[in-house]
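Enquirer:
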Amino acid sequence: MKISDYQYQISLIRKYAKEINISEDETTQIFKNCFTKITNEKKPLKKLFIIFKIIKICFIIFLSLLSVGIILYNHPTIHNMVLRHLQNFIYPGFKLLRELSVPIIIKYPSLTELYDESCLWENPNFRVRGMDCWPCSITQSIPDMTGWNMTKSHSLAEPFTRYESNSYVDFSTLYSVYKSQEKMFITDARKVSSTSFIYNEINDVMENRLDRNPSEDNDIHISWRINRMKPSRALRKYFPKPPGTPEWWSQSSERYVFIDEPKASAYQLPIIECGNVILRCTSGSRLIKMIPSPDCQKNCKTFSIYLSAQETLWYNWWYWRPASYPANSTELTISYLTSYC
1 MKISDYQYQI
11 SLIRKYAKEI
21 NISEDETTQI
31 FKNCFTKITN
41 EKKPLKKLFI
51 IFKIIKICFI
61 IFLSLLSVGI
71 ILYNHPTIHN
81 MVLRHLQNFI
91 YPGFKLLREL
101 SVPIIIKYPS
111 LTELYDESCL
121 WENPNFRVRG
131 MDCWPCSITQ
141 SIPDMTGWNM
151 TKSHSLAEPF
161 TRYESNSYVD
171 FSTLYSVYKS
181 QEKMFITDAR
191 KVSSTSFIYN
201 EINDVMENRL
211 DRNPSEDNDI
221 HISWRINRMK
231 PSRALRKYFP
241 KPPGTPEWWS
251 QSSERYVFID
261 EPKASAYQLP
271 IIECGNVILR
281 CTSGSRLIKM
291 IPSPDCQKNC
301 KTFSIYLSAQ
311 ETLWYNWWYW
321 RPASYPANST
331 ELTISYLTSY
341 C
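Mapping of the sequence shown onto the numbering used here: residues 1 to 341, in sequence order.
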């Protein structure tokens, strides 16, 4: 409709209103009410249009990124060129991201725990295609290698055990270590996971001591994960580097302390930061089942070994995924898991 036609229709309405004794102010108010009603009816449609537009833009961006990804994957020359130029933006980009994240960290300080994580989300479907499983396929037993010094040519795909005379730590020792630096442990290594709802933090473990107050079924398992430097240093005196550890190995900051009652059910040992892993039994005993990794199950055998106090088990998690089972024991078992790169 043209503006002139619109104005003509408005003048006719005003003329008719005047003829039936409706004042000019009342006529104006009627027009305002009509405009308000029309505007309110159009608002939901406007919102729907905006949502549809956002979805459309997101879909276009997704298709664009997918197309770029396909082009980069199928054209190595373009792929290398993009990566070469992308390197110049990595540091400035992360610097900007860090500055943008500061207000969020200030508002939610608990997020700082994620900073120490080497992996935020583990891919459960990760597999190594064509992995060479020969090193573990020749394993026929798990020998005791006490006193032997490892060479650079040896691979922990062939696991072994050692006796360590300086590695006895029971719950009382662990309690003393905790109490000596309680505030630090609560700050930097607070969380534990367990099979009981009673134990959610390390303070719960130390206040409800299982060595003095065992559970009714004697079957609680507690896993205490440490991945910060301060608690790691505090534990280093009581869980020192085992004799015979190669000098070219560097220890990761991530480590675990397991506390198991005699009947604690079976659990799989976690995949830790580095591939070369040492499991140290410092008191009690557990039955360790050496299960080949998913990539090597067709080539390698499963073994079982009885790990008692002051014994260590050396293995590589690329080839083995051990599980800990209850053994014929009547005391609390303390185990310590660490890894080396």
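Note that CB positions come from ideal geometry on N, CA and C, so glycine has one too.
Spatial neighbours of Thr27 within its chain, please: CB distance less than 6 Å, with the 5 preceding and 5 following residues excluded, ordered by chain position.
Expert: Taking the sequence shown and counting its residues from 1, one reaches residue 27 at position 27. Within the same chain, Thr27 has close Cβ partners Arg14 and Ala17.
Enquirer: State the Cα-Cα distance for the pair Leu235 and Ser167, rounded to the nearest angstrom.
Expert: As a working note, residue 235 is residue 235 in the sequence shown. As a working note, residue 167 is residue 167 in the sequence shown. So the alpha carbons of these two residues sit roughly 12 Å apart.
Enquirer: Could you tell me which residues DSSP pairs with Arg162 in its beta bridges?
Expert: The residue you call residue 162 lines up with position 162 of the sequence shown. Answer by DSSP bridge pairing, in chain order: Thr312.
Enquirer: Return yes when the Cβ of Cys341 is within less than 8 Å of the Cβ of Ser252, no when it is not.
Expert: Counted from its first residue, the sequence shown places residue 252 at position 252. Counted from its first residue, the sequence shown places residue 341 at position 341. Yes.
Enquirer: Taking Thr146 as the reference, which of Phe35, Pro243, Trp248 and Cys34 has the closest Cα?
Expert: The residue labelled residue 146 in the question sits at position 146 within the sequence shown. Closest by alpha carbon: Pro243.
Enquirer: Taking just the CA atoms, how far does Ile50 sit from Ile30?
Expert: On the sequence shown, position 30 is the one that residue 30 refers to. On the sequence shown, position 50 is the one that residue 50 refers to. One C-alpha to the other measures close to 31 Å.
Enquirer: What are the start and end residues of each continuous alpha helix (DSSP H) run of 4 or more residues lying completely inside the segment 268-309, in chain order?
Expert: List check, alpha helix (DSSP H) in window: nothing returned.
Enquirer: Since Gln310 and Tyr175 should fall inside the 8 Å C-beta cutoff, what is the C-beta to C-beta distance between them, to a whole number of angstroms?
Expert: Counted from its first residue, the sequence shown places residue 310 at position 310. Counted from its first residue, the sequence shown places residue 175 at position 175. So it is not a contact: roughly 19 Å between Cβ atoms.
Enquirer: Taking contact to mean at least 3 C-beta pairs separated by less than 8 Å, is the segment 295-302 in contact with the segment 322-329?
Expert: Output reads no: the segment 322-329 does not touch the segment 295-302.
Enquirer: When you compare each of Glu261, Tyr178 and Ile55 to Asp217 by their alpha carbons, which one comes out closest?
Expert: In the sequence shown, counting from the first residue as 1, residue 217 sits at position 217. Looking at the Cα atoms, Glu261 is the closest of the given residues.
Enquirer: Starting from Pro231 and walking both ways along the alpha helix (DSSP H), at which residues does that stretch end?
Expert: For the purposes of this step, residue 231 is taken as the residue at position 231 of the sequence shown. Looking at the DSSP string, the run of the alpha helix (DSSP H) that includes Pro231 is Met229 to Arg236.
Enquirer: Could you check whether Val277 and Trp249 sit closer than 8 Å to each other, using their CB atoms as the reference points?
Expert: Residue 249 sits at position 249 when you count from the first residue of the sequence shown. Residue 277 sits at position 277 when you count from the first residue of the sequence shown. Cβ distance not < 8 Å, so Trp249 and Val277 don't count as in contact.
Enquirer: Starting from Tyr175, follow the beta strand (DSSP E) in both directions and report where the run begins and ends.
Expert: Translated into the one-based positions of the sequence shown, residue 175 becomes position 175. Careful: Tyr175 lies outside any beta strand (DSSP E), inside the alpha helix (DSSP H) at Phe171 to Ser180.
Enquirer: Hey, Arg190 and Glu201: beta-carbon distance below 8 Å or not?
Expert: Start at 1 with the first residue of the sequence shown, and residue 190 comes out as number 190. Start at 1 with the first residue of the sequence shown, and residue 201 comes out as number 201. The answer is yes: Cβ separation under 8 Å.
Enquirer: Could you check whether Leu337 and Leu279 sit closer than 8 Å to each other, using their CB atoms as the reference points?
Expert: Taking the sequence shown and counting its residues from 1, one reaches residue 279 at position 279. Taking the sequence shown and counting its residues from 1, one reaches residue 337 at position 337. Their beta carbons are under 8 Å apart, which means Leu279 touches Leu337 by this criterion.
Enquirer: Does the Cβ of Ser283 have 16 or more other Cβ atoms within 10 Å, making it buried, or fewer, making it exposed?
Expert: Reading the sequence shown from its first residue, position 283 is the one you call residue 283. With 16 or more other Cβ atoms within 10 Å, it is buried.
Enquirer: Could you tell me if Asn149 is buried or exposed, where buried requires 16 or more neighbouring beta carbons within 10 angstroms of its beta carbon?
Expert: By one-based count along the sequence shown, residue 149 stands at place 149. Exposed.
Enquirer: Excluding the 5 residues flanking Ala266 on each side, which residues of the same chain have their C-beta closer than 6 Å to its C-beta?
Expert: The residue given as residue 266 occupies position 266 in the sequence shown. If we look at Ala266 and ignore the five residues flanking it on each side, its Cβ neighbours are Ala323 and Tyr325.
Enquirer: Please state the DSSP three-state secondary structure of Trp249.
Expert: As a position in the sequence shown, residue 249 is number 249, starting the count at 1. Of the three classes helix, strand and coil, the one that applies to Trp249 here is coil, per DSSP.
Enquirer: Look at the Cβ atom of Asp188, then the Cβ atom of Arg228, and state whether they are nearer than 8 Å.
Expert: To locate residue 188, count along the sequence shown from 1; it is residue 188. To locate residue 228, count along the sequence shown from 1; it is residue 228. Going by C-beta atoms, Asp188 is nearer than 8 Å to Arg228.
Enquirer: Hey, Ser339 and Cys274: beta-carbon distance below 8 Å or not?
Expert: Within the sequence shown, the letter at position 339 stands for residue 339. Within the sequence shown, the letter at position 274 stands for residue 274. A contact, by the Cβ cut-off of 8 Å.
Enquirer: What are the boundary residues of the beta strand (DSSP E) that Trp224 is part of?
Expert: Residue 224 sits at position 224 when you count from the first residue of the sequence shown. That run of the beta strand (DSSP E) goes His221 to Ile226.
Enquirer: Determine the DSSP secondary structure at Pro143, reduced to helix, strand or coil.
Expert: Your numbering for residue 143 matches position 143 in the sequence shown. Note: Pro143 maps to coil in three-state DSSP.
Enquirer: Please check the pair Thr161 and Ile142, which I expect to be a contact at CB under 8 Å, by giving their CB distance rounded to whole angstroms.
Expert: Translated into positions along the sequence shown, residue 161 becomes position 161. Translated into positions along the sequence shown, residue 142 becomes position 142. Indeed, because the Cβ distance is near 6 Å, the residues count as touching under 8 Å.
Enquirer: Given that a residue counts as buried once 16 or more other Cβ atoms are within 10 Å of its Cβ, and exposed if not, what is Pro159?
Expert: To locate residue 159, count along the sequence shown from 1; it is residue 159. Buried, since its Cβ has 16 or more Cβ neighbours within 10 Å.
Enquirer: Do Cys281 and Thr330 have their C-beta atoms within less than 8 Å of each other?
Expert: Working through the sequence shown from its first residue, we reach residue 281 at position 281. Working through the sequence shown from its first residue, we reach residue 330 at position 330. Cβ atoms of Cys281 and Thr330: not closer than 8 Å.
Enquirer: Return yes when the Cβ of Ser335 is within less than 8 Å of the Cβ of Phe239, no when it is not.
Expert: Position 239 of the sequence shown, counted from the start, is the residue given in the question as residue 239. Position 335 of the sequence shown, counted from the start, is the residue given in the question as residue 335. Going by C-beta atoms, Phe239 is not nearer than 8 Å to Ser335.
Enquirer: Report the three-state DSSP secondary structure of Arg14 (helix, strand or coil).
Expert: Counted from its first residue, the sequence shown places residue 14 at position 14. Helix at Arg14.
Enquirer: Taking the alpha-carbon of Ser308 as reference, which of Cys136, Pro135, Asp144 and Asp132 has the nearest alpha-carbon?
Expert: Stepping through the sequence shown from its first residue, residue 308 is reached at position 308. It is Asp144.
Enquirer: Alpha carbon to alpha carbon, what distance is there between Tyr306 and Gln268?
Expert: The sequence position of residue 268 within the sequence shown is 268, counting from 1. The sequence position of residue 306 within the sequence shown is 306, counting from 1. Taking the straight line joining both Cα atoms gives about 16 Å.
Enquirer: Bridge partners for Tyr256 per DSSP, in chain order?
Expert: Numbered from its first residue, the sequence shown carries residue 256 at position 256. Arg225 and Leu337.
Enquirer: Give the DSSP-derived three-state secondary structure of Tyr8 in the structure shown.
Expert: Against the sequence shown, residue 8 aligns to sequence position 8. Helix, per DSSP.
Enquirer: Look up Val192 in the DSSP assignment and say whether it is helix, strand or coil.
Expert: Translated into positions along the sequence shown, residue 192 becomes position 192. Correct three-state label for Val192: strand.
Enquirer: Under DSSP, the alpha helix (DSSP H) around Ser137 begins and ends at which residues?
Expert: Along the sequence shown, read from residue 1 onward, the residue named residue 137 stands at position 137. Counting along the chain, the alpha helix (DSSP H) containing Ser137 begins and ends at Trp134 to Ser137.
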